[in-house]
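In the numbering used here, the protein residues as written are 10 to 1087.
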């Protein structure tokens, strides 16, 4: 280059110098005046100046990672790979070498200059860092010891990965197709072809077909035919300039349909390689991508390329990705050089053997020969919008070089995907490979077309014939056996008004005085008296057949006619129970805003338009009462298409109304239809113009919310006469320009031909209510949205109420049954009856209760018993006892059942009896303060039987002689005393703290003479309220204890005095009143 520059002429104008010349001059001056012998010079052979920026960024990262040497690395660039100047890069590289201005080269991207510079490195010793896939010759470490491969993928790696993929599907032959070399590049298909042919024995794969495509239509056509007759495994290079066009031209979708296994071989990651054909991939296709996996690479680091080479990156992102990444890694790798030998490249390649570095481009691993190796993946797409799924992973591991190429080994890992067992992996039909499959498709299409034409003609014939037969079968005729008339009793209560609340709107119902039951379906009907039998004509049959077939969202369904079987003639339509338009219009509490008016009028127009275009042709009885609104707020027209038929039958005296037709009904009919009509006894004929007139009346109803002629002070008959004679119209003020009022008045034009069309009325309604967007359903949704805002709160409140009710139910159940028994029954269990060896049963009766009842009313008696028994309930809660039941003034308690408490039941009942008596002392009757409440208490212990009695109202009942004995103890006990049997007393004597007095022999019914005892006190010397440990006394102690008792029971005051004298504390449970006072 210096030879080309020569000496600088001072008079040379600076703008005539090229950029390359200026750089060379600066470099030359720099070499003269500055000593740069300590620096390493890295020369990039590339015509793009931006490559220096990207290389400098790589060196900066390496320096920050402490990978660079102490001496400086200077980046220089020379032109290369210019199509119009062959071998320019090689010449510039030689000049740098002979000028002593280079220590290493970043090889150019074109294959020819790359090979030339690589061969020169064998002699000059300069390291060469390649950045594009190279031929397998350059990978020979003996002939190119100074060349280090930095391309993201090599053809050796692709070939080894293809070996495992072919073995997975059981193929040993492959067809390769790719673009022809352009600008001396090295296409993927060519590289694979060279490698597989040179190493066929090692890979076990034979190249059956190799196609180079020059991009012409002829080339694509020949490749397409050749591929279909080659082998099942087809490998297509992913480096086509326009892959989308190549996909279509090679008919890859057709190959997939024919069960060929298509592999797209890539040197870029799968996401980048598949970008051009993403939308062409279908879920049924068997295409897979064989692509390198760049470990630890973050796609966010693409910004490095965009910053360093913005013009190239934005325009050629997918095609230059590999080259830019390799350039970055090459510059970083030069700084990384494990041997730190930057200025001489003798066996430079070996410095990288088995080494790894990680930078912004991910992790780079070198094989045993010093070339960069990558892992590979086999990825499949699930449709155009799906993500790539890795169905096989191929791991590369460095090893000691075997020969000159294989310096790594590859291991395949099947990810367990069902992809390999799917139907797409079946064998290709032999006729497809042989190219002699006969194409019967056109014949099949032609035959199918003829068949369908004949089928259509046959269907049309049978449908027409069926319609003709159905007309005479009279499906609309209803037999009297299937019809039942229901008469409702009409009360004076009017229909529910529609207020502002959603609940009121949804619950509004019209009054139906009578309806028909047709099977299980309800029906509205018109009933007339049939005078003579009707013989239907063919036109009438056809009309009724068409009426039966009529269906529309804004029409009720015509169900049929019952005639000739009864003395009445019935015309039935499906019932709509909510309300009629008249009900809503005349309901002053119903807020009919613009949304309601617009929706109602639109529905009427839709229904009328459908009727006018149908074979029926008219409505005939269009009134506000015959416009019904269903539960979905859809207005439906009813009683349509029958007025002309009734008119003719009534005129011929075949039918007549059961009662006079209301005169107000005639107010909505066109005057020309009322002429020569027998008012009150016949219906008018139906016409399109008459429907338009009636539509005007409905407009008046909706807009003014009153009947049309209510403003006139005349009778109904006078109004009707004025309509017929003088063409009377409702009063309307047209002072304001209102198009809807104007078209309403036009509907009443004397000349039926001058009345507006329904289309014009519809347009006017649309224009007038343009702000009322949406239908009634939309409005109901908005109302429900407001209502739903409180729904969660309401649900929470209801749940709380349910919880309270559940708790109350549980408490009530526990009042009826013991808690353990109630829980078992709630869980669906069964309580079998059983016997208990020892249970204590107590009865407590209120004394003088009949006298109290005589002085009290029912409410006072119930209040007294409730208060008294509540006191007893609170006492029982503090003990291991169970309230069995209350009968009148008697209270029954048991302990030891159903929970057996190891003999403590006697002491529990003893304490309960003492506390109940103590509570009765303190209790005051509210309405009779002077009444002293006294109780008699008796208890006895012994065996019983127990079980649950009843299903709807279960009770836990006790049976046995013990219950009867306890009852006798209570009934034979004086007031304010606690009496027990001798057996029970003996158990209480085991605890000295219980003070009992022998009453003596008492005659007990059913038992004879019984020795009884009175329980007076429970005194605890230890000062606490708990039961002391039970210690049994000897018979002598018991006898001594009994002898200590006196025959006469002491009074209450005497007992207390005795206890005070002995200085013993009196321990008993406090009553609820005492607790409250405390």
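In this text, a Cβ means the ideal position worked out from N, Cα and C, and glycines have one as well.
None of these values were measured; they are calculated from a predicted model.
Among the options, the one whose alpha carbon lies nearest that of residue i
i, options, result
"residue 576", "570, 849, 559, 538", "538"
"residue 736", "714, 147, 749, 761", "761"
"residue 952", "418, 923, 844", "844"
"residue 121", "150, 89, 532", "89"
"residue 492", "408, 578, 474", "578"
Inter-residue spacing [alpha-carbon to alpha-carbon] between residue i and residue j
i, j, result
"residue 372", "residue 277", "15 Å"
"residue 958", "residue 857", "32 Å"
"residue 800", "residue 766", "47 Å"
"residue 594", "residue 818", "49 Å"
"residue 1043", "residue 967", "Residue confidence for residue 1043 is low, a pLDDT of 39 falling below 50, so the modelled location carries little weight and cannot support an answer."
"residue 695", "residue 650", "7 Å"
"residue 883", "residue 809", "27 Å"
"residue 398", "residue 391", "8 Å"
"residue 993", "residue 917", "12 Å"
"residue 296", "residue 171", "14 Å"
"residue 862", "residue 943", "15 Å"
"residue 758", "residue 715", "21 Å"
"residue 802", "residue 587", "30 Å"
"residue 16", "residue 129", "Model confidence at residue 16 stands at a pLDDT of 28, short of 50, so the residue's coordinates are unreliable; what they give is reported in the following sentence. Distance between the alpha carbons of residue 16 and residue 129: 29 Å."
"residue 72", "residue 101", "28 Å"
"residue 48", "residue 80", "5 Å"
"residue 46", "residue 359", "Confidence at residue 46 is low in this model, with a pLDDT of 49, below 50, so its placement is unreliable and the value that follows should be read with caution. So the alpha carbons of these two residues sit roughly 25 Å apart."
"residue 216", "residue 453", "38 Å"
"residue 717", "residue 704", "12 Å"
"residue 510", "residue 518", "Summary for residue 510: the model assigns pLDDT 41, below 50, so the residue's position carries little reliability; its value from the coordinates is reported in the next sentence. Going by the C-alpha atoms only, they are around 15 Å apart."
"residue 419", "residue 384", "8 Å"
"residue 287", "residue 201", "24 Å"
"residue 540", "residue 659", "10 Å"
"residue 451", "residue 460", "14 Å"
Within 8 Å, strictly: CB atoms of residue i and residue j
i, j, result
"residue 672", "residue 738", "no"
"residue 563", "residue 645", "yes"
"residue 960", "residue 989", "no"
"residue 374", "residue 386", "no"
"residue 676", "residue 732", "yes"
"residue 753", "residue 682", "no"
"residue 534", "residue 581", "yes"
"residue 379", "residue 138", "no"
"residue 389", "residue 428", "yes"
"residue 638", "residue 686", "no"
"residue 144", "residue 184", "no"
"residue 905", "residue 848", "yes"
"residue 963", "residue 826", "yes"
"residue 275", "residue 235", "no"
"residue 210", "residue 188", "no"
"residue 83", "residue 64", "no"
Chain D within 8 Å of residue i, Cβ atoms only
i, result
"residue 91", "Within the model displayed, chain D is absent; a lone protein chain is all it includes."
Write down every uninterrupted run of the beta strand (DSSP E) in the region 350-403 whose length is 3 residues or greater and which is fully enclosed by it, in chain order. Listed in chain order, the beta strand (DSSP E) elements of length 3 or more contained wholly in the region 350-403 are 365-368, 371-375, 384-390.
Would you say the region 311-321 touches the region 57-64, given that touching needs at least three Cβ pairs under 8 Å? At 8 Å Cβ cutoff, the stretches touch.
With a cut-off of 8 Å, do at least 3 Cβ pairs link the region 673-692 to the region 563-573? No, because fewer than three Cβ pairs between the region 673-692 and the region 563-573 fall closer than 8 Å, the two stretches do not touch.
Would the region 885-895 and the region 927-946 be scored as touching if the rule is three or more Cβ pairs under 8 Å? Segments in contact, no.
Three or more C-beta pairs closer than 8 Å, one from the region 977-994 and one from the region 1007-1017: is that the case here? Taking 8 Å as the limit for Cβ pairs, the verdict is that the region 1007-1017 does touch the region 977-994.
Closer than 8 Å is the cut-off here; do at least three beta carbon pairs connect the region 554-561 with the region 600-609? Between the region 554-561 and the region 600-609, the count of C-beta pairs closer than 8 Å stays below three; the two stretches do not touch.
Output the residue ranges of the beta strand (DSSP E) runs that lie fully inside the region 218-285 and measure 3 residues or longer, sorted by chain position. Listed in chain order, the complete beta strand (DSSP E) runs (minimum 3 residues) inside the region 218-285 are 242-246, 270-274.
4-residue-minimum alpha helix (DSSP H) runs that sit fully inside the region 175-216, ordered along the chain: Complete alpha helix (DSSP H) runs here, min 4: 197-207, 209-212.
At 3 residues or longer, and completely inside the region 70-141: list those beta strand (DSSP E) runs for me, N to C. Qualifying beta strand (DSSP E) stretches, in chain order: 82-87, 113-115, 137-139.
Is it a yes or a no for the region 612-630 touching the region 695-704, going by three-plus beta-carbon pairs under 8 Å? In short, these stretches touch, since the Cβ pair count reaches three.
Quick one: which unbroken beta strand (DSSP E) runs of 3-plus residues sit fully inside the region 545-575? Chain order, please. 567-571, all fully within the region 545-575.
To test your reading of the DSSP string, which unbroken alpha helix (DSSP H) runs of 4 or more residues are found completely within the region 786-862? Listed in chain order, they are 800-825, 828-835.
In chain order, each beta strand (DSSP E) run of at least 3 residues that lies wholly inside the region 454-491: None, since the region 454-491 contains no complete beta strand (DSSP E) of that length.
Say whether the region 145-156 touches the region 251-258, bearing in mind that this needs 3 or more beta-carbon pairs closer than 8 Å, one atom from each stretch. The region 145-156, when compared against the region 251-258, does not touch it at the 8 Å Cβ threshold.
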